[in-house]
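Counting from 1, one number per residue, gives the positions in the sequence shown under this note's numbering.
We treat Cβ as the ideally placed atom computed from N, Cα and C, and that holds for glycine.
Predicted model only: the values in this text are computed from it and were never measured.
Below is one structure, written out as structure tokens, with a few remarks after it.
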Amino acid sequence: QFTQQYQPAACKFHHTPCKDPLDKLFTVHGLWPSNFNGPDPENCKVKPTASQTIDTSLKPQLEIIWPNVFNRADHESFWQKQWDKHGTCGSPTIIDKNHYFQTVIRMYITEKQNVSYILSKANINPDGKGRTRKDIQIAIRNSTNDKEPKLKCQTKNGITELVEVSLCSNYLGKNFINCPNKTPGKTRYSCPTNDIHY
1 QFTQQYQPAA CKFHHTPCKD PLDKLFTVHG LWPSNFNGPD PENCKVKPTA
51 SQTIDTSLKP QLEIIWPNVF NRADHESFWQ KQWDKHGTCG SPTIIDKNHY
101 FQTVIRMYIT EKQNVSYILS KANINPDGKG RTRKDIQIAI RNSTNDKEPK
151 LKCQTKNGIT ELVEVSLCSN YLGKNFINCP NKTPGKTRYS CPTNDIHY
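This is the structure:
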């Protein structure tokens, strides 16, 4: 699951407010291996060579597409947490830490799996207007070979906002697939049919 968070909404619903200026963009939250059935893998064991330091040539791009929106002075601890919890479980597809981050850069920039870009192609822009879940899903499906994304919304003071979008692909990351819905029914992160703000 290639999960991206809308910075203003992520900060609005976080337990501590964000201190730094926000971009009205979806940026990377993480690339998370998952299972169709059962719990998703987390904190897997890796070979020592797979845990090298992050290549400094990757950092400028990562700071743009994968910022720590809650503390922009410390991107690396966020990246490390995502690697430790999720990236380590991507083997054998993900070879090592740098391959994990290179894969995210490739998906977001080169392959244009950037949710802000995808939504803007359908004239869905971050203007705070309410949208239907169907319009958001269709816009995304038009860029993912008609595959179902996973949406996460949250509500505060009667206003529901789109917080995260996950795009799912097969284990090689080459073909989009429908995202598994592991929480059928209504949860606190469910997106309503209408009036989703972005």
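Nearest-angstrom Cα distance between residue i and residue j?
{"i": "K112", "j": "R106", "result": "8 angstroms"}
{"i": "L162", "j": "Y198", "result": "6 angstroms"}
{"i": "I64", "j": "S116", "result": "13 angstroms"}
{"i": "Y108", "j": "N114", "result": "5 angstroms"}
{"i": "R188", "j": "L151", "result": "12 angstroms"}
{"i": "E76", "j": "H86", "result": "15 angstroms"}
{"i": "Q154", "j": "Y171", "result": "29 angstroms"}
{"i": "I95", "j": "V46", "result": "10 angstroms"}
{"i": "D20", "j": "F70", "result": "8 angstroms"}
{"i": "P180", "j": "I54", "result": "30 angstroms"}
Compute the distance between the beta-carbons of residue i and residue j, then report whether it is under 8 angstroms.
{"i": "T160", "j": "I196", "result": "yes"}
{"i": "T27", "j": "P67", "result": "yes"}
{"i": "L58", "j": "F13", "result": "no"}
{"i": "S169", "j": "F176", "result": "yes"}
Can you say whether residue i is buried or exposed, counting buried as having 16 or more other CB atoms within 10 angstroms of its CB?
{"i": "Q52", "result": "exposed"}
{"i": "N35", "result": "exposed"}
{"i": "G38", "result": "exposed"}
{"i": "E164", "result": "buried"}
{"i": "A73", "result": "exposed"}
{"i": "P92", "result": "exposed"}
Can you list, in chain order, the residues of its chain whose CB lies under 6 angstroms from that of residue i, leaving out five sequence neighbours each side?
{"i": "P33", "result": "P41, C89, G90"}
{"i": "P17", "result": "none"}
Closer than 7 angstroms by C-beta to residue i: which residues in its own chain qualify, once you throw out the five before and the five after it? Chain order, please.
{"i": "Q82", "result": "G30"}
Below 8 angstroms CB to CB, which residues in the same chain sit around residue i once its five sequence neighbours on both sides are set aside?
{"i": "A122", "result": "D135, I138, A139, N142"}
task = At 4 residues or longer, and completely inside the stretch 44-98: list those alpha helix (DSSP H) runs for me, N to C.
result = 59-65, 75-85
request  = Please go through the stretch 104-176 and give each complete alpha helix (DSSP H) segment of 4 or more residues, from N-terminal end onward.
outcome  = 115-121, 133-141
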